[in-house]
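Okay, so here's the structure we're looking at.
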Amino acid sequence: MRTTAVPEARRRAVLEVSDLTVEFETRAGRLRVVDGVDFEVAQGETLGVVGQSGAGKSVTMLAALGLLPSSARLVRGAARLEGVDLLQLRPKELRNVRGKDIGMVFQDPLTSMHPSFRVGDQIAEAIRLHDAGVSRAGARIRAIELLELVGVPFAARRWRDHPHQWSGGMRQRAMIAMAIANGPKLLVADESTTALDVTVQAQVLGVLRDVQRETGTAIVLITHDLGVIAEMADTVVVLHEGRAVESGTVGHVFASPRLPYTAGLLARGPSRSRLRPAAPRVDSGPVLEVRDLVTHFRSRSGRHSDVVHAVDGVSFDLHPGESLGVVGESGCGKSTLVRTIVRLLHPTSGTIRFEGRDITGLAGRDLREVRARLRIVFQDSFSALNPRRSVGDIVAEPLRTHGRHGAGGGGRVRELFEMVGLQPDLSGRYPHQLSGGQRQRVGIARALALEPKVLVLDEPVSSLDVPIQAQILELLERLQRDLGLAYVFVSHDLTVVRRICDRVAVMYVGRFVEVGDTATVYADPAHPYTRALLSAVPITSPAERGSGRRIVLVGDLPDPAAPPSGCRFHTRCWLAFDRCVVDEPTLQRIDAQRVCSCHLVSPIEAASIGESGFLP
Amino acid sequence: MADVPVPELTGRPAHHQSWTAVLARPAGAIGAFLVLVVVVGGIIGPWVAPNDPFSVDGPSLAKPSLSFPMGTDALGRDAFSGVLHGLRTTLFVAGGVAAIVVVVGMSVGLAAGYRAGWLDQVLMRSTEFVQVLPRFFLAIVVIAMFGPGLRQLVLVLGLSSWPLLARVVRAETLSLREREFIEAARADGSSPLRIILRELLPNVVPSAVVVVGLLVAQVMLIEASLGFLGLGDPNVVSLGSLASEGQDFIRVAWWLAFFPGLAIVVAVLGLNLLADAVTGSLGGGR
Numbered sequence: 108m109r110t111t112a113v114p115e116a117r118r119r120a121v122l123e124v125s126d127l128t129v130e131f132e133t134r135a136g137r138l139r140v141v142d143g144v145d146f147e148v149a150q151g152e153t154l155g156v157v158g159q160s161g162a163g164k165s166v167t168m169l170a171a172l173g174l175l176p177s178s179a180r181l182v183r184g185a186a187r188l189e190g191v192d193l194l195q196l197r198p199k200e201l202r203n204v205r206g207k208d209i210g211m212v213f214q215d216p217l218t219s220m221h222p223s224f225r226v227g228d229q230i231a232e233a234i235r236l237h238d239a240g241v242s243r244a245g246a247r248i249r250a251i252e253l254l255e256l257v258g259v260p261f262a263a264r265r266w267r268d269h270p271h272q273w274s275g276g277m278r279q280r281a282m283i284a285m286a287i288a289n290g291p292k293l294l295v296a297d298e299s300t301t302a303l304d305v306t307v308q309a310q311v312l313g314v315l316r317d318v319q320r321e322t323g324t325a326i327v328l329i330t331h332d333l334g335v336i337a338e339m340a341d342t343v344v345v346l347h348e349g350r351a352v353e354s355g356t357v358g359h360v361f362a363s364p365r366l367p368y369t370a371g372l373l374a375r376g377p378s379r380s381r382l383r384p385a386a387p388r389v390d391s392g393p394v395l396e397v398r399d400l401v402t403h404f405r406s407r408s409g410r411h412s413d414v415v416h417a418v419d420g421v422s423f424d425l426h427p428g429e430s431l432g433v434v435g436e437s438g439c440g441k442s443t444l445v446r447t448i449v450r451l452l453h454p455t456s457g458t459i460r461f462e463g464r465d466i467t468g469l470a471g472r473d474l475r476e477v478r479a480r481l482r483i484v485f486q487d488s489f490s491a492l493n494p495r496r497s498v499g500d501i502v503a504e505p506l507r508t509h510g511r512h513g514a515g516g517g518g519r520v521r522e523l524f525e526m527v528g529l530q531p532d533l534s535g536r537y538p539h540q541l542s543g544g545q546r547q548r549v550g551i552a553r554a555l556a557l558e559p560k561v562l563v564l565d566e567p568v569s570s571l572d573v574p575i576q577a578q579i580l581e582l583l584e585r586l587q588r589d590l591g592l593a594y595v596f597v598s599h600d601l602t603v604v605r606r607i608c609d610r611v612a613v614m615y616v617g618r619f620v621e622v623g624d625t626a627t628v629y630a631d632p633a634h635p636y637t638r639a640l641l642s643a644v645p646i647t648s649p650a651e652r653g654s655g656r657r658i659v660l661v662g663d664l665p666d667p668a669a670p671p672s673g674c675r676f677h678t679r680c681w682l683a684f685d686r687c688v689v690d691e692p693t694l695q696r697i698d699a700q701r702v703c704s705c706h707l708v709s710p711i712e713a714a715s716i717g718e719s720g721f722l723p
Numbered sequence: 114m115a116d117v118p119v120p121e122l123t124g125r126p127a128h129h130q131s132w133t134a135v136l137a138r139p140a141g142a143i144g145a146f147l148v149l150v151v152v153v154g155g156i157i158g159p160w161v162a163p164n165d166p167f168s169v170d171g172p173s174l175a176k177p178s179l180s181f182p183m184g185t186d187a188l189g190r191d192a193f194s195g196v197l198h199g200l201r202t203t204l205f206v207a208g209g210v211a212a213i214v215v216v217v218g219m220s221v222g223l224a225a226g227y228r229a230g231w232l233d234q235v236l237m238r239s240t241e242f243v244q245v246l247p248r249f250f251l252a253i254v255v256i257a258m259f260g261p262g263l264r265q266l267v268l269v270l271g272l273s274s275w276p277l278l279a280r281v282v283r284a285e286t287l288s289l290r291e292r293e294f295i296e297a298a299r300a301d302g303s304s305p306l307r308i309i310l311r312e313l314l315p316n317v318v319p320s321a322v323v324v325v326g327l328l329v330a331q332v333m334l335i336e337a338s339l340g341f342l343g344l345g346d347p348n349v350v351s352l353g354s355l356a357s358e359g360q361d362f363i364r365v366a367w368w369l370a371f372f373p374g375l376a377i378v379v380a381v382l383g384l385n386l387l388a389d390a391v392t393g394s395l396g397g398g399r
C-alpha cells in the first residue's frame, strides 16, 4: 500500500457512485451496459476502474458525470460529489461542476484539444470559463505555472505553440494541466496513457502522482492495463459486462482475487513471462539476411525538405523457425523497417536476402513469387481487412492473386480458417461483424495462405485486450511449431516480445542499439536505453511499488529528420559523457549472446568476434 | 474459440443492410418510390400510353377526364401520352449521361487517387479545365452548331459532367490508399489494376452513387430547360417542351403546364431525396 492513503477514520468520500444503471437503445432492443455499479473514491486517493474493452468502464464514468450520449438512458442510480447528486443537477449547474470540481483527461489528447488555438490559451480559457474575475494576463500566467507543474520544459516559451507542435506525451501533460486548472476535487483519467509509449507513460503517471501530492485531488483511473493499476491505484473496481464483479484495496484484489474472472485477468496480465525455450538450431543458414538497410524519406513539411532517417543502417539474420523481436518507442522506425523488408517501401540502400536470394531490387513476377513466402500481418485488424469483402473472400484473395485458387480453393480457405481457430462458417461474414481477435485471426490466415517461410508481424496484438492477446500469441506459437515459420515480431510491448521471441533487437532512432538472446537481454540489459525501456514496463503487482528500479527517461524521442550527433541516445541518457556527443558507437559483440552499441559497455576481445559481427 | 462474443450476428452481407438502412429513412423510401415511378413510367410508358403523342385524338383543350387523364392541348393531342413519352426522353438522356459520367469520372478519380504524383497532377488539371466550362451554354452552343438531337445532347452533357464525380472518387481513394488493407493487397503481389478494381472500387461505390444521383438530377433539369427554350429535338417529346407549350395556355388550360412540370419535379426531387438518404446512411455505417 502507498503511504499516502488516508486512515479509514479520516477518509472523506469525494465521489460516491451507487447503484448506477445505464441502458442503450439498440435496434435489437435495450442493452444494459452498466448494471448496479457502486464505488467511491476519497480525497487524496486513486481509484482504478479496470476491465476489458466493452466492460462498461467509460460509460460508467460518463454516466456518473452526466455526459451520457443521447442513445443511452440512465435507469437509476446516484453519483454524489461531496454529497450533491450530479445526476439530479440541471444542465447549467452540471456545467459549472465539470471542469471546475471535476477535471477530465481523455485518451487522445490530439482530438481533445482545439487544433487552431495555442496550448497556453486553451488552458487560460479553462481558467476564465469558471472564474470570470481572472484577467486575461492573470490566466495566462497561471497557465504557464500549470504547464510547469506538469513538467513541460520551457513552459514560458512553449505555451505559444499549437497542439500539433507537441508530442503525444507533452499534449497529455497539457490536458492534465487543463484538467487541474481550477483545483478540481476529482480528476478522471480515461485511458490517459494507453496511446503512449511505456517510457512516456511512466512520465505521465509520475505527473499524475505529483499533482495528487500537491493538490490532494482524488483520481479515478480508467484503464484496461493492470500494470497501471498496480502502479497507481489505492482501491480497485473490476468491471465485467457492466457489473462491478470485484472491488477492494489494490493489494487485496491483486493478492487474493475472489472471482475466477479477476484471477483470469490478473494471470493473463503483464506478468505473463514464460520464457521460450531456445529454438532448435537449424544449420541450413539464415532464411532472411538484412544488411545495412537504410530507408530515408523526404518529408514534405512546408518550407523544409528534410530527410527523415527512419531506418538508418540495420543488419540482422533470421533463421528458419526462429523469432526475432524488434522493440522500441513509436517513431523509432520499427514499422518502416518491416515494410521495407517485405518491399512495401523501397530501401534507400542496403540489401535484403531471402532464402539466399537478393530481393532488394526485384520487381514484377519475381517479386510476387517472393511475396508468397515472405508475408506481413498488420497491427490494426480493422484497417487491414477490406470492409466491403467477406472474410472468406479476403483469405482467398492471395490464392487468387497467385493463381492457386482453382477448384480446390474453397477447401484451402476452410483449412486456413481451421488452422487459425476460426469456424469455417464465419467465412461469409464481413470484417465489422467479427470481434478484434477474430479479425486478427483472419489477418493471420491470409498471411498463411501461400505457405510462407517468414511472417513479419507488425504489432499484431497491440490493439487487442489482454486475454485475447494471450490467445493470439498461443496461436502464433502453435503455428510456428507446426509450420516451422520464422517471425520478425515488432512490438512496443516488451512483455509480449519476451514471451514469443528467441532474440530481441532494441531499436532507437533508426538503428539497433542492442541485439541478443531474449533471456539475456531481459535479465541483464546492457545498453542504457534497453535498461530504461525495461524499467518503464509497468510493474506486475502493487507489492513491487517503490522498489526503486525505475529509470524514467526525460523528454521524447529525437526527431528522426535530425538525429542527434554521436550516440543518438545521448540526449536522453543519464550516463552520457563528452565522447557520446561526438563519437557514434558501433554495434560490438559484448558476450556470447549479444551485440550492443554503447561506449560504456566494453566489447569482448576482438579475437573472438565472429567475422560478420552478427549473432548465429 | 473463447473470443469475446459479438452481439447481433446476422450473417447478412453488409450491402443488404445498407440498402435496408436507406429505405428505412422516410427520405429514402419516398425518394426510392418517386424514382421508381419515373423509371417504370419512362420504360413502359410508350406501350401503355393510350395514344401517339403527336396525333390528334380529341377536342382541343379538353379538361383532365377519364379518357384524357391529363387533358388535351390546343391541337387536341393527349397530354398524358405526351408526359409518358417525355419521361422516356428524360430517362434516355439521364441514363446516357450517367453512363458516360461513371466511366470517365470513376476512371479518372481512381487513377488519380491511387497513382498520385504526375498522373494525379495531369488528371486533376484536366478535370479543372472541364469543370470551368459552363455546361448549359456549352449544350446550347453544341445544339446551335450541330442541330438538336438527343445523341449530341447526351454526349455534351456526359463529357462535361464527370469532373465532380472524379474529384469525389479521387478524394475517397486518397484516404483509402493509406489503409492497411491496400498495403496487404500489395504485399499479396496484387497488380495495381487488381487493387483498384477489387479493393478500392467497392469502397468508392457508395459515395459515387450519391454524386451520380445528384448529377443526373441536374442533367434532367438541363434537358427540360433546353426543351423549354425550344432547343430540343422537335421530333421527340420532352417534358420541357411540353411545359413550354403549355405555358401559352396557362390561364385557360392549367393542366398543360402543370403535369409535365410535376413530372420534372417528381424525377428531380426523387433523385435528390434518394441521394440524401444514401449519404445519411453512409455517415453512421462506416
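These protein sequence lines map, in sequence, to chains A and B. Counting with the numbering used here, you get residues 108 to 723 for the letters of the first sequence. Counting with the numbering used here, you get residues 114 to 399 for the letters of the second sequence. Ideal placement from N, C-alpha and C gives every residue a C-beta, glycine not left out.
- Take LEU529 (chain A), set aside five residues on each side of it, and the residues of its chain with a beta-carbon closer than 6 Å to its own are ARG548, in chain order.
- In its chain, beyond the 5 residues on either side, GLN486 have a beta carbon closer than 6 Å to the beta carbon of SER569 (chain A).
- Among the residues facing chain A, ARG290 (chain B) is not included, as its CB has no counterpart in that chain under 9 Å away.
- In the three-state reduction of the DSSP assignment, MET277 (chain A) falls in the helix class.
- Only residues of its own chain outside the window of five on either side were considered, and among them MET108, GLY155, ILE336, ALA337, ALA340, ASP341, THR342, VAL343, PRO649 have a CB closer than 8 Å to the CB of VAL357 (chain A), listed in chain order.
- Within the stretch 279-300 of chain A, no residue has a Cβ lying closer than 8 Å to any Cβ of chain B.
- At a cut-off of 9 Å between C-beta atoms, GLN576 (chain A) does not count as an interface residue with respect to chain B.
- Annotation for HIS416 (chain A): the continuous beta strand (DSSP E) segment containing it runs 414-425.
- For LEU564 (chain A), not one C-beta of chain B is nearer than 9 Å to its own C-beta.
- Contact with chain A is absent for ARG138 (chain B), since none of that chain's Cβ atoms lies less than 9 Å from the residue's Cβ.
- Between TRP266 (chain A) and ASP228 (chain A), the C-beta gap is smaller than 9 Å, which places the two residues in contact.
- In summary, GLN234 (chain B) is exposed, with fewer than 16 beta-carbon neighbours lying within 10 Å of its beta-carbon over all protein chains present.
- Straight across, the Cα-Cα distance linking LEU149 (chain B) with PRO454 (chain A) is about 55 Å.
- With contacts defined as CB atoms closer than 9 Å, THR203 (chain B) and SER351 (chain B) qualify as a contacting pair.
- Taking the Cβ atoms as the reference, GLY189 (chain B) lies roughly 5 Å from VAL169 (chain B), within the contact range of under 8 Å.
- For THR330 (chain A), the secondary structure class from DSSP, reduced to helix, strand or coil, is strand.
- Counting only Cβ-Cβ distances below 8 Å, LEU474 (chain A) has contacts in chain B at GLY302, in chain order.
- VAL421 (chain A) and ARG618 (chain A) do touch by the CB rule: their CB atoms are close to 7 Å apart, below 8 Å.
- Interface criterion not met: the Cβ of ALA142 (chain B) is under 9 Å from no Cβ in chain A.
- The DSSP assignment places complete beta strand (DSSP E) segments of no fewer than 3 residues inside the stretch 548-600 of chain A at 561-565, 593-598, in order along the chain.
- DSSP places CYS674 (chain A) in no alpha helix (DSSP H); its state is neither H nor E.
- Taking the C-beta atoms as reference points, VAL141 (chain A) is found nearer than 9 Å to ALA170 (chain A).
- Assignment of ALA330 (chain B) by DSSP, reduced to helix, strand and coil, places it in the helix class.
- Scanning its chain for C-beta atoms nearer than 6 Å, with the 5 sequence neighbours on each side dropped, one finds around VAL628 (chain A) the residues VAL611, in chain order.
- Taking 9 Å as the CB threshold, GLU285 (chain B) stays off the interface with chain A.
- Leaving aside the five residues that flank THR678 (chain A) on each side, the residues in its chain whose CB is nearer than 8 Å to its CB run, in chain order, GLY662, PRO665, PRO671.
- In the same chain as PHE362 (chain B), and ignoring 5 residues on each side of it, the C-beta atoms closer than 6 Å to its own belong to LEU369, in chain order.
- In this structure, GLY151 (chain A) and ALA296 (chain A) do not form a Cβ contact; the two beta carbons are roughly 16 Å apart against a cut-off of 8 Å.
- Cβ neighbours of ASN164 (chain B) within its own chain (closer than 6 Å, five residues either side excluded): ASP170, ASP191, SER194.
- The residue among A:GLU200, A:GLU130, A:ASP208 with its C-alpha nearest the C-alpha of ARG180 (chain A) is A:GLU130.
- Secondary structure within the stretch 438-487 of chain A: the alpha helix (DSSP H) runs of 4 or more consecutive residues, fully enclosed, are 441-448, 471-478 (chain order).
- Think of a sphere of 8 Å around the beta carbon of ARG299 (chain B): the chain A residues whose beta carbon falls inside it are LEU451, in chain order.
- Note on geometry: alpha-carbon atoms of LEU366 (chain A) and VAL345 (chain A) lie some 10 Å from one another.
- DSSP places ARG119 (chain A) outside both helix and strand once states are collapsed to three, so it counts as coil.
- Residue pairing by DSSP puts VAL622 (chain A) in a beta bridge opposite A:ALA612, A:VAL702.
- Chain-ordered, the chain A residues with CB closer than 9 Å to the CB of ASN316 (chain B) read ASN493, PRO494, ARG495.
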